[in-house]
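**Student:**
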Ligand code: ADP
């Protein structure tokens, strides 16, 4: 269980990005965070893995307060939390394999990682992760030679190298076309269903939210303005969505063949 309690983030320039945000996420959920640009989604995800330091509040996960933990304990917690970014955050000039291996850094001694040395076992793991994402044949290409969808798969493979218990995905499909967006979302869904990973993912297309989330929170101006279950979000009308979200529902459309089966989501 992840429990976020009264989380507040004030940036140095005085911007209050999160105000007293509280919610809990049982293990194995696929929680989607919705909200307009600037509502605090990215700040929230970044506070959870401490890419940024919260100003106040608690983030309790596996008995540890992630908001305050430091040093080795922080390192240990962080390696169980994979991060997937909108713009992939790959080292463009490095090979795909090296990018994936870098997900292992939390497990590697610092001198080895400085030298870029990884064990045979790590190499095997990296190739397995790439196979799972369907891009093992791209392992030795430079990261920037891959298409956007493939680069995001590398991003997911890198997160998998951490053997994470939770994945935080910050608008993971915002830079992708509809088919690729569904393809990445389906891979995250597989990790959620098959590996029982907890997923926290920010999205802004209503059809993706309805198709993939098991629960939803809505943020507006740094505050939680909505909490809904899968069935609540699926029966949500465009008007209700607009009330929570602040703007008309957008849809990514598209989808893989058979993708919308049993989803009860918006027809595309
Ligand atoms: P979202 O992910 O929903 O677009 P963000 O978390 O990026 O929202 O931003 C929330 C608010 O915090 C916005 O007002 C944004 O301008 C502000 N913000 C984000 N990062 C910084 C920063 N490093 N310094 C100051 N303000 C920031």
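In the working numbering, the protein residues as written are 122 to 389.
Glycine residues also receive a C-beta, built at the ideal position from the N, C-alpha and C atoms.
This structure is a prediction, so every number in the text was calculated from the model and none was measured.
For ligand 1, which residues have a Cβ under 6 Å from at least one heavy atom, in chain order?
**Tutor:** 132, 134, 136, 138, 156, 158, 159, 160, 161, 162, 163 and 164
**Student:** Do you know whose CA, among 279, 239 and 287, lies nearest residue 256's CA?
**Tutor:** Translated into the one-based positions of the chain shown, residue 256 becomes position 135. Selected option, being the one with the closest Cα: 279.
**Student:** What do you get for residue 141, buried or exposed, if any count of 16 or more other CB atoms within 10 angstroms of its CB means buried?
**Tutor:** Here residue 141 is taken as the residue at index 20 of the chain shown, counted from 1. Residue 141 should be labelled exposed.
**Student:** Here's a check: name, in chain order, each residue in its chain whose Cβ is nearer than 8 Å to the Cβ of residue 386, leaving out the five neighbours to either side.
**Tutor:** In the chain shown, the residue the question calls residue 386 occupies position 265. At residue 386, the pLDDT of 30 sits below 50, so the modelled position is not reliable and the matter cannot be decided from this model.
**Student:** If you draw a straight line from the C-alpha of residue 374 to the C-alpha of residue 187, how long is it?
**Tutor:** In the chain shown, residue 374 corresponds to position 253, counting from 1. In the chain shown, residue 187 corresponds to position 66, counting from 1. Going from the Cα of residue 374 to the Cα of residue 187 covers about 37 Å.
**Student:** Relative to the C-alpha of residue 127, which residue among 334, 178 and 253 is closest?
**Tutor:** The residue labelled residue 127 in the question sits at position 6 within the chain shown. Comparing alpha-carbon positions, the option among 334, 178 and 253 lying closest to residue 127 turns out to be 178.
**Student:** For residue 203 and residue 153, what's the separation of their Cα atoms in angstroms?
**Tutor:** Counted from its first residue, the chain shown places residue 203 at position 82. Counted from its first residue, the chain shown places residue 153 at position 32. Answer to the nearest angstrom: the Cα atoms are 16 Å apart.
**Student:** Count the other CB atoms within 10 Å of the CB of residue 245; is the residue buried (16 or more) or exposed (fewer)?
**Tutor:** If you number the chain shown from 1, residue 245 lands on position 124. That one is exposed.
**Student:** If we call anything under 8 Å between Cβ atoms a contact, is residue 277 one with residue 264?
**Tutor:** For the purposes of this step, residue 277 is taken as residue 156 along the chain shown, with counting starting at 1. For the purposes of this step, residue 264 is taken as residue 143 along the chain shown, with counting starting at 1. If you check the CB distance, residue 277 and residue 264 do not come in under 8 Å.
**Student:** DSSP state of residue 138, grouped into three classes?
**Tutor:** As a first step, residue 138 must be located in the chain shown, where it is residue number 17. The answer is strand: DSSP assigns residue 138 an E or B state.
**Student:** Tell me the DSSP bridge mates of residue 345?
**Tutor:** Looking up residue 345 in the chain shown gives position 224. Beta-bridge pairing links residue 345 to 340.
**Student:** What ranges does the beta strand (DSSP E) occupy inside the segment 226-306, keeping only unbroken runs of at least 3 residues that lie completely in it?
**Tutor:** 287-291
**Student:** If you draw a straight line from the alpha carbon of residue 243 to that of residue 222, how long is it in whole angstroms?
**Tutor:** Looking up residue 243 in the chain shown gives position 122. Looking up residue 222 in the chain shown gives position 101. Straight-line Cα distance between these residues: approximately 7 Å.
**Student:** Alpha carbon to alpha carbon, what distance is there between residue 240 and residue 284?
**Tutor:** For the purposes of this step, residue 284 is taken as residue 163 along the chain shown, with counting starting at 1. For the purposes of this step, residue 240 is taken as residue 119 along the chain shown, with counting starting at 1. Taking the straight line joining both Cα atoms gives about 16 Å.
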